[in-house]
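>
Protein chains in written order, with this note's numbering: chain A, 23 to 250; chain B, 559 to 864; chain C, 983 to 1227.
#1: Could you check what DSSP says for residue 635 of chain B in three-state terms: helix, strand or coil?
#2: Short check: CB of residue 1067 of chain C to CB of residue 1145 of chain C, under 8 Å?
#3: Would you say residue 1044 of chain C faces chain A, with C-beta separation under 8 Å as the test?
#4: To be precise: take each residue of the stretch 140-173 of chain A, compare its Cβ to all Cβ atoms of chain C, and keep it if any distance is under 8 Å. Which residues remain?
#5: Listed from N- to C-terminal order along the chain, which residues in the stretch 757-774 of chain B have their beta-carbon within a distance smaller than 8 Å of any beta-carbon of chain A?
#6: May I ask you to report which of helix, strand or coil DSSP gives residue 30 of chain A?
#7: Please report the straight-line C-alpha distance between residue 798 of chain B and residue 654 of chain B, rounded to a whole angstrom.
#8: Looking at residue 1039 of chain C and residue 992 of chain C, is the spacing between their C-beta atoms short of 8 Å?
#9: Run through DSSP, which three-state label would residue 228 of chain A get?
#10: Which chain A residues sit within Cβ distance under 8 Å of residue 620 of chain B?
#11: Which of the three DSSP states, helix, strand or coil, is assigned to residue 108 of chain A?
#12: Looking at chain A, is there any beta carbon in it that lies within less than 8 Å of the beta carbon of residue 746 of chain B?
#13: Return the CA-CA distance between residue 1106 of chain C and residue 1163 of chain C, expressed in angstroms with no decimal places.
#14: Using a Cβ-Cβ cut-off of 8 Å, state whether residue 1071 of chain C counts as contacting chain A.
#15: Got a sec? Which residues, its chain only, sit under 7 Å from residue 811 of chain B by beta carbon, not counting five neighbours each side?
#16: Check whether chain B comes within 8 Å of residue 208 of chain A, counting only Cβ atoms and requiring the distance to be less than that.
#17: Return the bridge partner residues of residue 191 of chain A from the DSSP annotation.
#18: Which residue marks the beginning of the beta strand (DSSP E) containing residue 664 of chain B, and which one marks its end?
#19: What's the call for residue 650 of chain B, buried or exposed, on a 16-neighbour Cβ count within 10 Å?
#20: Give every residue of the same chain whose Cβ lies closer than 7 Å to the Cβ of residue 187 of chain A, excluding the five residues on either side of it in the sequence, and list them in chain order.
#21: When DSSP labels each residue in this structure, what does residue 607 of chain B get in the three-state scheme?
#22: Helix or strand or just coil, what does DSSP make of residue 1007 of chain C?
#23: List the residues that DSSP assigns as beta-bridge partners of residue 1013 of chain C.
#24: Quick one: what's got a C-beta closer than 8 Å to residue 112 of chain A's C-beta in the same chain, skipping five residues either side?
#25: Taking the C-alpha atoms as reference points, what is the distance between residue 230 of chain A and residue 617 of chain B?
#26: Could you check which residue in B/613, B/757, B/658, B/647 has the C-alpha nearest to that of residue 629 of chain B?
#27: Please state whether DSSP places residue 1180 of chain C in a helix, a strand or coil.
#28: Is the separation between the beta-carbon of residue 1015 of chain C and that of residue 1195 of chain C shorter than 8 Å?
#29: Among the residues of its own chain, which have a CB less than 7 Å from the CB of residue 1076 of chain C, if the five just before and after it don't count?
#30: Give a yes or no on whether the minimum CB-CB distance between residue 633 of chain B and chain A is below 8 Å.
#31: How would you list, in chain order, the residues of chain B whose beta-carbon sits under 9 Å from the beta-carbon of residue 117 of chain A?
#32: Compute the beta-carbon to beta-carbon distance between residue 183 of chain A and residue 243 of chain A, rounded to the nearest angstrom, for a pair I have assumed lies under 8 Å.
#33: So, helix, strand or coil for residue 1191 of chain C, using DSSP?
#34: Give a yes or no on whether 8 Å exceeds the smallest Cβ distance from residue 1105 of chain C to chain A.
#35: Please compile the residues from chain A whose C-beta is within a distance smaller than 8 Å of the C-beta of residue 616 of chain B.
#36: By DSSP, does residue 857 of chain B sit in helix, in strand, or in coil?
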């Protein structure tokens, strides 16, 4: 119990003093997770729209699969992506392993099921009359999709923020794809894991506080947005 | 207000992606895979800084058990490897995966355990001590326990070798009872577990000394041939993996075996722990079983792909 | 050549026959009143005309061409010459201006000056001038109905489809909309107005069609249908139709 209190105090000290090590790691975490959420977003939102609007054989099975993948273990995704982008893997030539770009790629894959699935849910939540209204006012298929996505924009935004939150707080992909390289691919979660295993609990707690604070900020943002 | 924050977030995201795309260019990067035993001592952090200073090359160190480090090298995901398991190193070279073996440093494994030494193995011969621990552990697992790395690392390989020397098949050992615990983690984490449970374990000297401040465990056996721990560097063969940076790898290895590098290794830890954590390979070749060609000698292999 | 020609139109969902054997024409600029009790199929008929659904039997000719069984792009072209106002219309999550100019944007008219003027005019026509920047979803039901009407009018369609356009309005608003619809008769806009309100029907419609349980039971000029003779039989003919207040 003592350790936690002491650690908490020390943690606040580090944050107030803006310890350069901690700052660097935090900024990198934000950069990588924001990028992966963005990347996943621009692919998954239209994809979700397409799946929602088209009728095809196996559609409900696909949606089922997507929802199952929401809670895919991060280490499994990490391993699969590792095999893919390793130099001996299919995408080896891209030289993505052990780099921030590779982590962005891996995390984007990790959060894609959530983004696609929640986009579909968001779009389903838009009343059918919106579609008919848009159609009767002369919208073509693409315009209808865009209109429905716009109507669902609050819920879709929530999906993106959720994806970002997941990317920010996961370890499996960051560790396997990034390698936790000091000054290059070390992020909050992998740093916490490392410092904890090394017994440097104050540093771990400090970074944990930062992580929680950012998550809190995301949640507040989400709530503000949903109340509109 | 929320709308503005949102716009800010989106702009941030877009910028991040652009920055990423532009690439973290700049100096060159050399990828090194090594064992957690070595990484946890902090030696590589010092070497990394000095190497970057001197050559403007960023050293990216990825660590894991020896098993995964070799895997990375076999997949061409890293340019150079530092491990400490002679059998696997020789195989690595024999399979044409690596250019040459270069011995760069050594120290000893320790058998560490609780201060009161419930199995009474202090000063014994290492393999004999392990056999004793097993005997006493099977009899009373609440008093005598052993924590294994259990992760295919160099340290784990050495432990398995000791069991072999003691005359036991490993499969008979690791399933023989609750006295034997497989941590499945790095050296630091394993030491922490051993500390918690007041159990015996095998650790390389450097990691133990780096963690000693937080542990109540003490070294019970500190030397002898059986516990010799030699660190070897190998560059990945560009013929097998054309993408690897062979030139930088060789440059790095040459730095390690140079006087400056060997001095750095020889002095590391003195200020923090009172004594250096490693001994340089230079001048100790015979002791550590490295040939003259392998021992603290500059690389002679060329990077040219046939 | 009639603007709209409906031949033997039928719509079934499973075993339920929602519409059967509908034969109807609408001339350019004509106002057709579609009168019938709840559940008689008025809304379905309007939806079929707007090509939102496909008929089970029969065909629809618009501007001389068959449209109900054509590929989507042809349907879209026809649909863009029509506009429909639904019963209890929904607003997009946007401002009133964005709602009203929606159809214009869909037809590729960038929001520039032209659009803004027309939106202003349309809002004035429905008595909601100055509402441009209001959030459409904060409006009352009656206001939403009028915005929906403005949304359709601004497109200057050849055929306007109205499903109970004054049903949710207070008497004063309803009256002003009726005036507006009257003034439409001077333009070349054809209108099909589905309504319960016999008064409204009699005042506005040139011709009237009576729909009962999916079938047209009467069709003809307004004067004929609303003549004294027919009114005497009104019990039978207009059974189920609410007397207007």
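Note that beta-carbon positions come from the ideal geometry of N, C-alpha and C, so glycine has one too.
Here's the rundown:
#1: Against the second chain, residue 635 of chain B aligns to sequence position 77. In this structure, residue 635 of chain B counts as coil in the three-state DSSP scheme.
#2: As a position in the third chain, residue 1067 of chain C is number 85, starting the count at 1. As a position in the third chain, residue 1145 of chain C is number 163, starting the count at 1. Yes.
#3: Here residue 1044 of chain C refers to the residue found at position 62 when the third chain is read from its first residue. Output row for residue 1044 of chain C: interface = no.
#4: Here the close residues are 149, 151, 152, 154, 155, 156, 157, 158, 159, 160, 161, 162, 163, 165, 169, 172, 173.
#5: Those would be 769, 772, in chain order.
#6: To locate residue 30 of chain A, count along the first chain from 1; it is residue 8. Residue state, collapsed to three classes: helix.
#7: In the second chain, counting from the first residue as 1, residue 798 of chain B sits at position 240. In the second chain, counting from the first residue as 1, residue 654 of chain B sits at position 96. The straight-line gap from Cα to Cα measures roughly 8 Å.
#8: Working through the third chain from its first residue, we reach residue 992 of chain C at position 10. Working through the third chain from its first residue, we reach residue 1039 of chain C at position 57. Yes, these two residues count as a Cβ contact at 8 Å.
#9: Here the question's residue 228 of chain A lines up with position 206 in the first chain. Helix, per DSSP.
#10: For the purposes of this step, residue 620 of chain B is taken as the residue at position 62 of the second chain. The contacting residues are 120, 201, 202, 203.
#11: For the purposes of this step, residue 108 of chain A is taken as the residue at position 86 of the first chain. Note: residue 108 of chain A maps to coil in three-state DSSP.
#12: If you number the second chain from 1, residue 746 of chain B lands on position 188. Interface residue (Cβ-Cβ distance to chain A less than 8 Å): residue 746 of chain B is classified as such.
#13: Start at 1 with the first residue of the third chain, and residue 1106 of chain C comes out as number 124. Start at 1 with the first residue of the third chain, and residue 1163 of chain C comes out as number 181. Rounded to the nearest angstrom, the two C-alpha atoms are 14 Å apart.
#14: The sequence position of residue 1071 of chain C within the third chain is 89, counting from 1. Yes, its Cβ sits closer than 8 Å to a Cβ of chain A.
#15: Position 253 of the second chain, counting from 1, holds the residue named residue 811 of chain B. Result list for residue 811 of chain B: 638, 660, 791, 793, 857, in chain order.
#16: On the first chain, position 186 is the one that residue 208 of chain A refers to. Taking Cβ atoms only, chain B never reaches closer than 8 Å to residue 208 of chain A, which makes this a no.
#17: As a working note, residue 191 of chain A is residue 169 in the first chain. Partner(s): none; residue 191 of chain A has no beta bridge.
#18: As a working note, residue 664 of chain B is residue 106 in the second chain. From DSSP, the beta strand (DSSP E) with residue 664 of chain B extends over 660-671.
#19: Position 92 of the second chain, counted from the start, is the residue given in the question as residue 650 of chain B. With 16 or more Cβ atoms within 10 Å of its Cβ, residue 650 of chain B is classed as buried.
#20: Taking the first residue of the first chain as position 1, residue 187 of chain A is located at position 165. Cβ within range, chain order: 237, 240.
#21: One-based indexing of the second chain puts residue 607 of chain B at position 49. Correct three-state label for residue 607 of chain B: helix.
#22: Residue numbering aside, residue 1007 of chain C sits at position 25 when the third chain is read from its first letter. If DSSP states are grouped into helix, strand and coil, residue 1007 of chain C belongs with the strands.
#23: Taking the first residue of the third chain as position 1, residue 1013 of chain C is located at position 31. Paired residues: C/1173.
#24: Translated into the one-based positions of the first chain, residue 112 of chain A becomes position 90. So the list reads 106, once near-sequence residues are dropped.
#25: Against the first chain, residue 230 of chain A aligns to sequence position 208. Against the second chain, residue 617 of chain B aligns to sequence position 59. Cα to Cα, residue 230 of chain A sits roughly 27 Å from residue 617 of chain B.
#26: The residue given as residue 629 of chain B occupies position 71 in the second chain. That would be B/647, whose Cα lies nearest to the Cα of residue 629 of chain B.
#27: Locating residue 1180 of chain C in the third chain gives position 198, counting from the first residue. The answer is helix: DSSP assigns residue 1180 of chain C an H, G or I state.
#28: Working through the third chain from its first residue, we reach residue 1015 of chain C at position 33. Working through the third chain from its first residue, we reach residue 1195 of chain C at position 213. No.
#29: Translated into the one-based positions of the third chain, residue 1076 of chain C becomes position 94. Taken in chain order, the residues that qualify are 1118.
#30: By one-based count along the second chain, residue 633 of chain B stands at place 75. Interface residue, yes.
#31: For this step, residue 117 of chain A is matched to residue 95 along the first chain. Under the 9 Å cutoff, chain B gives 801.
#32: As a working mapping, residue 183 of chain A is identified with position 161 in the first chain. As a working mapping, residue 243 of chain A is identified with position 221 in the first chain. Right, the Cβ-Cβ distance comes to about 7 Å (below 8 Å), so this counts as a contact.
#33: The count along the third chain starts at 1 and reaches residue 1191 of chain C at position 209. Residue 1191 of chain C falls in the strand class under three-state DSSP.
#34: Residue mapping note: residue 1105 of chain C aligns to position 123 of the third chain, counting from 1. No, residue 1105 of chain C does not count as interfacial toward chain A.
#35: Here residue 616 of chain B is taken as the residue at index 58 of the second chain, counted from 1. Chain A residues near residue 616 of chain B: 205, 206.
#36: On the second chain, position 299 is the one that residue 857 of chain B refers to. Correct three-state label for residue 857 of chain B: coil.
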